[in-house]
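Chains as they are written, first to last, in our numbering: chain A, 562 to 889; chain B, 6 to 299; chain C, 3 to 407.
First the structure, in the form of structure tokens, and then the observations on it.
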Amino acid sequence: MAAPGGFSGTDYKQEDAVLFGFTRTQLIAFLAMVAFIAISPFFLYPVFLMKVLCFALFACAFNLLIGYVGLLSFGHAAYFGMGGYLAGHAAKVWGLPPELAILIGGATGAALGVVIGAIAIRRQGIYFAMITLAFAQMVYFFCLQAEFTGGEDGIQAIPRGVLFGVFDLRSDMTMYWVVAIVFLAGFLLIHRIIHSPFGMVLKSIRENEPRATSLGYRTDDYKLVAFVLSAALSGVAGGTKAIVFGIATLTDVFWTMSGEVVLMSLVGGLGTIFGPVMGAAVIITMQNYLAEFGAWVTVIQGVIFVLCVLAFRRGIVGEIGNWLRVRL
Amino acid sequence: MDEIFGIPAPLLFGQLLLGLINGAFYALLSLGLAVIFGMLNVINFTHGAQFMMGAFVAWMLLNWAGLGYWWALLVAPLVVGLTGVIIEKTMISRLYKLDHLYGLLLTFGVGLVIEGVFRNEFGSSGMPYRIPAELQGSWDLGFMFMPIYRGWVVIVAIVACLATWLVIEKTKIGSYLRAATENPALVQAFGINVPRMMTLTYGAGVALAAFAGVLAAPIYSVNPQMGANLIIIVFAVVVIGGMGSILGSVVTGFTLGVIEGLTKVFWPEASSTVIFVVMAIVLLTRPAGLFGRA
Amino acid sequence: MQINRRGALAAGAALAAGAGAARAQARPTIRLGVLSDMSGPYRDATGPGSVVMTQAAVAEFAAQGFQVEVLQADHQNRPDVGANLARQWYDQGVDVILDVPTSSVALAISGIAREKNKVFLNSGAATSDLTGPQCSPNTVHWTYDTYMLAKGTGAAIVRTGGDTWFFITADYAFGHALQRDTTRFVEAAGGRVLGAARYPFPATTDFSAYVVQARASRAKVLGMANASTDTVNTIKAAREFGLHRSMRLAALLMGIVDVHALGLDAGEGLLLTESFYWDLNDRTRALTRRVRAANQNRPPAMVQAGCYGAALHYLKAVADMGPAAAKADGRAVVARMKAMPTDDDAFGPGRIREDGRKLHPVYLFEVKGPRESTGPWDYYKLAATLSGEEAFRPLAEGNCPLVRS
Chain A
562 MAAPGGFSGT DYKQEDAVLF GFTRTQLIAF LAMVAFIAIS PFFLYPVFLM KVLCFALFAC
622 AFNLLIGYVG LLSFGHAAYF GMGGYLAGHA AKVWGLPPEL AILIGGATGA ALGVVIGAIA
682 IRRQGIYFAM ITLAFAQMVY FFCLQAEFTG GEDGIQAIPR GVLFGVFDLR SDMTMYWVVA
742 IVFLAGFLLI HRIIHSPFGM VLKSIRENEP RATSLGYRTD DYKLVAFVLS AALSGVAGGT
802 KAIVFGIATL TDVFWTMSGE VVLMSLVGGL GTIFGPVMGA AVIITMQNYL AEFGAWVTVI
862 QGVIFVLCVL AFRRGIVGEI GNWLRVRL
Chain B
6 MDEIFGIPAP LLFGQLLLGL INGAFYALLS LGLAVIFGML NVINFTHGAQ FMMGAFVAWM
66 LLNWAGLGYW WALLVAPLVV GLTGVIIEKT MISRLYKLDH LYGLLLTFGV GLVIEGVFRN
126 EFGSSGMPYR IPAELQGSWD LGFMFMPIYR GWVVIVAIVA CLATWLVIEK TKIGSYLRAA
186 TENPALVQAF GINVPRMMTL TYGAGVALAA FAGVLAAPIY SVNPQMGANL IIIVFAVVVI
246 GGMGSILGSV VTGFTLGVIE GLTKVFWPEA SSTVIFVVMA IVLLTRPAGL FGRA
Chain C
3 MQINRRGALA AGAALAAGAG AARAQARPTI RLGVLSDMSG PYRDATGPGS VVMTQAAVAE
63 FAAQGFQVEV LQADHQNRPD VGANLARQWY DQGVDVILDV PTSSVALAIS GIAREKNKVF
123 LNSGAATSDL TGPQCSPNTV HWTYDTYMLA KGTGAAIVRT GGDTWFFITA DYAFGHALQR
183 DTTRFVEAAG GRVLGAARYP FPATTDFSAY VVQARASRAK VLGMANASTD TVNTIKAARE
243 FGLHRSMRLA ALLMGIVDVH ALGLDAGEGL LLTESFYWDL NDRTRALTRR VRAANQNRPP
303 AMVQAGCYGA ALHYLKAVAD MGPAAAKADG RAVVARMKAM PTDDDAFGPG RIREDGRKLH
363 PVYLFEVKGP RESTGPWDYY KLAATLSGEE AFRPLAEGNC PLVRS
């Protein structure tokens, strides 16, 4: 999706990176985010916050692909859900500690990403979206029938375990700090990738693939690596969620989950660093606190989708950035 | 005639018949999608919801207005097609200048809204809709029972597909449509109102989905999620057939229904994934689909 | 995740109160959460009716010295939604969760109740694993289970000559448990199971593919290891494909609401097993008179009556040990419930076994024909009565870890 939100119309201030690839404004925003993550569990329900962080990481991973390579995947639930299943299976059946279980979740996402990505990146645009969707659905049907996923029951009572043999994660607060660290590590990794020479090539592919090819870049290889990274981080997010909630079910591999992560990124702002985090926070909060409206939550989500596409293609963070004339 | 290849005949023929019926729905739905995609370049993610709306309008006609199945076959596609026209006029038409993916995202959102509203209004357990009296009962073919209504669905679907194909290939409107698909600016220059054609095309594609919905109402109970699961399979059918290819979508729809039915006999566990496996193979060997142009 | 307005507001209030424990010292509030299927296939047999019956128990008990609050939410038959709701409720001051149809959700919540040391009183789920391998000191399984259904209905059909079976099974914990338990009785009586077809729950509405498989198996009996609208739709598909001419249809879990949906014409003569029927005796009729207006003018169904019985007994135990102690330790409340004999208008006198199984009589009913029925909801005639000890799985066979220790 080339130039989401039409960045071209905005005359951004020139800002140099001051630290870690962040510009000064981004650094302020980042520190504000870290501060919020550090303080919020003392006045908000930690389990709810953990859910937000898991989905924020998922949305950031998704955004790596759409925002910086211009590929809209409509099948990211496959990596998220499978990551959750494998992490849950590792923790429950193999009795592995949570850190290994989450890593296995990431590896699962990466492995699936290699297979599906290799086929999907041959096409662009709508075709890419449809192909990823169809493969994700294959994964869904596999999960429906495979023995280890527990079919419609899911994997239940996944133990949170003891991290590094020291930290007992049964306490919600300890679990929270672990999730926060996983999220921040993933967030910084994605940020690092975008600002590396590798990330520059990705952006050039987004803007003009034939030109990137003519400059001698093997664009397919770059796209595949980005795809696999995105899938791996989605797997980490799914694995972490399975450990937090102690359950891995079909909901997380179903295609509506793929749609939800698109919505989160869209609401926050495609191609912005903080957009997916904001989007995840908004959507999860809405699901939680508007739950009294029952099925209206779906309707509200749909309306937000439509409004974003018709009127706010920059998303929340994109609009703020546009207003302040800074890239966020 | 008891066993064929070691498979009990009732099982083989039963699943083949069911495969053909599913194929009829795949064909009707992917036909609508192909017509819309060919003209508008939009993947209509609302299609499943519009299929469901067709079934619900039939249910409402029966329970609120006392109009039976035969009226529903006529009225439901018109009503739902009209809502399609409104959606195209007010929303989709604003996106033609942008990346096509925005069309996909928009119709996805609209689909969520429609499904949510129906789920709120009618719950998710589904409403019964009776088979019309004229089509009740079944023929005992000896080796299997053939419910009359299911035979009717297959025949009607074939007729509807043929009619659509004839309209597009053999009529003047159809020729404008094909020309506009190739080069809208040129067709506009000839004095043909292309935006209106796009609106009507969308309405017609949606009406086809609603028609399929009415056909499905007596078989599947009428419920808000009835389109959601079907639509993904239909997307795969469209990709296999070649996006936008009318003939491709119809042939692929029926064929895949039958393949799925056969898989249910010989390897039941794989029946739900077989279509996606076929899709992967087709994409690897013919990226544009079986009937598509690269 | 769906919570209805009242539930969300109450949960929000509990959250806002934050240090509400201090305020609760003055007049403690016991919170009962009814977590049920409010929008799906089990809505009519559980759902809002379960809330009405829980409130009926609260009204009947008329608590002294503490307040009782009833919350409700919809788990949509999905284990992840149910588990998240339960976790949130327990963390935010709900003391007991009731009802929970759908076995997979019930098993998930049983684990959470144990982890958080709260109380889980299940009425709606069927899997006998809740008091078997997955039993918990925090869980009571009140109304019915797959073992008792299989014994009641399955055994009765094998006795009349239906000795080869094919199952159409809902692919989740309940369907598996019901098929497994029925298979045991069929085989014990010398019958054989020729095959089974599992279908995805709750996403299936067309059962024709499975019916065709069943017909090809040439079994004498079609065992429907599913429930509610799924059962009704299976019966319809079976009729469409002429199955009822060559096979006996055995609905293993069918309740009065399903009979109502199916109609007496199609349902006449069906055998089914329930532990509650509104028109059974004077006490059940009196109970029905009290609640009928609130329950959309319908008599309570079995699972809804179970919520009433379980809530009433729970409140008695709370009053007995004091609300503060009850709020602090769910395990102790369940232990007290097991120590006290039960008695209520729906199930009469009974008791709770150490594995969490509630014992009460179980009835085999035959569905009346249209001519026999004298009024609305007059659907059953009593065919046999089993005592609680006969109907439910013997303690030793359940493999409940609590029993050995």
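Every residue gets a Cβ at the ideal spot worked out from N, C-alpha and C, and that includes glycine.
If you run the structure through DSSP and keep just helix, strand and coil, what is A/TRP884?
helix
C/GLN136 burial status per 10 Å Cβ neighbour count (16 or more: buried): buried
Would you say B/ASP104 faces chain C, with C-beta separation under 8 Å as the test? Interface criterion not met: the Cβ of B/ASP104 is under 8 Å from no Cβ in chain C.
Alpha carbon to alpha carbon, what distance is there between B/LEU72 and B/LEU78?
About 10 Å.
Q | Beta-carbon separation (whole angstroms), A/VAL739 vs A/LEU724, contact threshold 8 Å | A | With a beta-carbon spacing of about 6 Å, A/VAL739 and A/LEU724 fall inside the 8 Å limit used to define contacts.
Practice task
Using a Cβ cut-off of 8 Å, pull out every chain A residue sitting near C/PHE203, in sequence order please.
Solution key: GLU713
Tell me the rounded alpha-carbon separation between C/VAL36 and B/MET202. 54 Å
When we look at the beta-carbon of C/ARG338 and count the other beta-carbons within 10 Å, is it buried (16 or more) or exposed? buried
Note to self: Counting only C-beta atoms, is A/VAL608 closer than 8 Å to chain C at any point?
What the structure shows: yes
(request) Determine which residues share a DSSP beta bridge with C/TYR382 and list them. (result) C/VAL369
What residue range is occupied by the uninterrupted beta strand (DSSP E) comprising C/TRP167? 166–172
* Taking C-alpha atoms, which residue in C/ASP93, C/GLU71, C/ARG80 and C/PRO81 lies nearest to C/ALA330? -> C/ASP93
Item checked: Residue ranges of each alpha helix (DSSP H) within the stretch 12–76 of chain B, 4 or longer -> 14–45 and 52–70
**Request:** Within the same chain, show all residues whose beta-carbon is closer than 8 Å to that of B/VAL80, passing over the 5 residues directly before and after it, in chain order.
**Result:** VAL62, LEU66 and LEU72
For C/HIS178, report the span of its alpha helix (DSSP H) as first-last. Under the DSSP assignment, C/HIS178 falls in the alpha helix (DSSP H) whose first and last residues are 175–190.
Could you have a look at B/TRP170 and say whether DSSP puts it in helix, strand or coil?
-> helix
Interface residues of chain C facing B/THR225 [CB-CB closer than 8 Å]: Checking the displayed sequence, the identity of residue 225 of chain B turns out to be Tyr instead of Thr. Within chain C, the residues near B/TYR225 are THR207 and ASP208.
Boundaries (first-last residue) of the alpha helix (DSSP H) holding A/LEU610: Counting along the chain, A/LEU610 sits inside the alpha helix (DSSP H) bounded by residues 607–629.
- By the criterion of Cβ-Cβ separation under 7 Å, what are the contact partners of C/GLN215 in chain B? LEU16
Evaluate contact between the stretch 149–159 of chain B and the stretch 80–95 of chain B, counting only Cβ atoms and requiring at least three cross-stretch pairs below 8 Å.
no
Check: From C/PHE168 to B/GLY156, what distance separates their C-alpha atoms?
Finding: 27 Å
Nearest to C/ALA211 by alpha carbon, out of B/ALA214, B/VAL211 and B/SER276?
B/SER276
| query | From A/GLN706 to B/LEU182, what distance separates their C-alpha atoms? | reply | 44 Å
Keeping to the same chain, check which residues put their C-beta closer than 7 Å to that of C/ALA23; ignore five residues upstream and five downstream. Low per-residue confidence applies at C/ALA23: pLDDT is 43, beneath 50, and the placement is therefore not dependable enough to give any value.
If contacts are defined as beta-carbon pairs under 8 Å, then C/GLY371 and C/LEU266 qualify, I think. What distance do you get, rounded to the angstrom?
6 Å
Quick one: list the residues of chain A neighbouring B/ILE48, beta-carbon separation under 9 Å, in chain order.
Chain-order list of chain A residues neighbouring B/ILE48: ILE687, ALA690 and MET691, by C-beta distance under 9 Å.
- [ ] Measuring alpha carbon to alpha carbon, tell me which of C/ASP284, C/ALA47, C/GLN66 and C/ALA75 ends up nearest C/LEU34.
- [x] C/ALA75
- Item | Partner residues on chain A for C/GLN90, Cβ-Cβ distance less than 9 Å | TYR606, VAL608, PHE609 and ASN849
- prompt: Mind pulling the chain B residues with CB within less than 7 Å of C/ASN228?
  reply: Within chain B, no C-beta atom comes nearer than 7 Å to that of C/ASN228; the closest sits roughly 13 Å away.
- Task: Under 6 Å Cβ to Cβ from A/ILE598, same chain only, skipping five residues before and after it: list those, please.
- Result: Answer for A/ILE598: ALA741, listed in chain order.
Practice task
Answer with buried or exposed for B/ALA209, where buried requires no fewer than 16 other C-beta atoms within 10 angstroms of its C-beta.
Solution key: buried
Which runs of the alpha helix (DSSP H) at least 4 residues long sit entirely within the stretch 627–715 of chain A? Give them in chain order.
638–653, 659–681 and 686–706
Q. So what does DSSP say about A/THR817, is it helix, strand or coil?
A. helix
Can A/SER791 and A/LEU626 be called in contact, C-beta distance under 8 Å?
yes
### Message
Quick check on the DSSP output: the beta strand (DSSP E) that includes C/TYR201 runs from which residue to which?
### Response
Judged by DSSP secondary structure, C/TYR201 falls within the beta strand (DSSP E) whose first and last residues are 194–201.
Open item on the list: For chain B, check one thing: does any of its Cβ atoms lie closer than 8 Å to the Cβ of C/GLY269?
Closed with: no
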